[in-house]
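Residue numbers (our numbering): 176 to 369. Working notes, beginning with the structure itself.
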Amino acid sequence: MSLKLQKRLAASLLGCGKKRVWMDPNETNELSMANSRFNIRKLIKDGLIIRKAVTMHSRSRVRKNLDAKRKGRHMGTGKRKGTREARMPTKVLWMRRQRVLRRLLRKYRQQKKIDKQLYHFLYRHAKGNVYKNKRVLLEAIHAKKTEKMKEKALQEQSEARKEKARLQKEKKLQKKADAARTEEESGWQQQKKR
Numbered sequence: 176m177s178l179k180l181q182k183r184l185a186a187s188l189l190g191c192g193k194k195r196v197w198m199d200p201n202e203t204n205e206l207s208m209a210n211s212r213f214n215i216r217k218l219i220k221d222g223l224i225i226r227k228a229v230t231m232h233s234r235s236r237v238r239k240n241l242d243a244k245r246k247g248r249h250m251g252t253g254k255r256k257g258t259r260e261a262r263m264p265t266k267v268l269w270m271r272r273q274r275v276l277r278r279l280l281r282k283y284r285q286q287k288k289i290d291k292q293l294y295h296f297l298y299r300h301a302k303g304n305v306y307k308n309k310r311v312l313l314e315a316i317h318a319k320k321t322e323k324m325k326e327k328a329l330q331e332q333s334e335a336r337k338e339k340a341r342l343q344k345e346k347k348l349q350k351k352a353d354a355a356r357t358e359e360e361s362g363w364q365q366q367k368k369r
């Protein structure tokens, strides 16, 4: 006995495909009598027609395999099909590295850890492939900062030395001037005595 009509009506009422419609095989006579949507609704309510659950396509094995691949399994020479460039283009690697370095430089400039001159200097060097990763760039930043501090300290020391020398010179000149003045005064006093 064909239940094609009933299956089609049930599918449209249940809002699913015909494959997902289950009809009770023991009640074929009753099912064949239902030839309207109203009757089909009644049968659905009674539980003679049921919408089957979606058959799940498990991804557990795929997830397990991906976890293993992240650890480096199943990635040996026998599993490789494309060239190294096809598998991971050097341009993509370059872009990733540049983005990491430039993000770090931007962050440091915003936090006022480096001034704009040093930022520009390091940015150009990063583009010139001087720093191969973040760690090397950080080391370069620290080296530059310590160098700058040393230069500043040396400059301050030289300025202090110059200031000290200037003061000593002024003192000497003052002494000479005082000595000359006292000589002149003593000369006048001697002339007065005569």
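Using N, Cα and C, we set each Cβ at its ideal position, and we do this for glycine too. Model, not experiment: these values are computed from the prediction.
Test item: CB-CB of residue i and residue j under 7 Å
{"i": "Ile215", "j": "Leu188", "result": "yes"}
{"i": "Leu241", "j": "Leu206", "result": "no"}
{"i": "Ala185", "j": "Val196", "result": "yes"}
{"i": "Thr203", "j": "Met231", "result": "no"}
{"i": "Glu182", "j": "Lys193", "result": "Going by the sequence as given, residue 182 is Lys instead of Glu. Cβ distance < 7 Å, so Lys182 and Lys193 count as in contact."}
{"i": "Asp199", "j": "Leu223", "result": "yes"}
DSSP three-state assignment for residue i, whether helix, strand or coil
{"i": "Arg226", "result": "strand"}
{"i": "Met198", "result": "strand"}
{"i": "Tyr306", "result": "coil"}
{"i": "Asp290", "result": "coil"}
{"i": "His249", "result": "coil"}
{"i": "Thr121", "result": "The shown model of the chain, from 176 to 369, leaves out residue 121, and the question about it has no answer."}
{"i": "Thr258", "result": "coil"}
{"i": "Met208", "result": "helix"}
{"i": "Gly192", "result": "coil"}
{"i": "Arg336", "result": "helix"}
{"i": "Arg234", "result": "coil"}
{"i": "Met176", "result": "coil"}
Residue i: first and last residue of the uninterrupted alpha helix (DSSP H) it sits in
{"i": "Thr265", "result": "Thr265 to Gln285"}
{"i": "Arg183", "result": "Lys179 to Leu189"}
{"i": "Leu217", "result": "The sequence shown places Lys at residue 217, not Leu. Where Lys217 is concerned, the enclosing alpha helix (DSSP H) stretches over Arg212 to Asp221."}
Check: residue i C-beta below 6 Å from any heavy atom of the ligand MG
{"i": "Lys254", "result": "Although the ligand MG was asked about, the structure shown includes no ligands whatsoever."}
Exercise. Okay, do the segment 256-266 and the segment 287-306 touch, 3+ Cβ pairs below 8 Å being the bar?
Worked result: As far as the Cβ criterion goes, the segment 256-266 does not touch the segment 287-306, which means the pair count is below three.
Exercise. How about the segment 300-318 and the segment 270-284: do they share at least three Cβ pairs that are nearer than 8 Å?
Worked result: Yes, the segment 300-318 is in contact with the segment 270-284.
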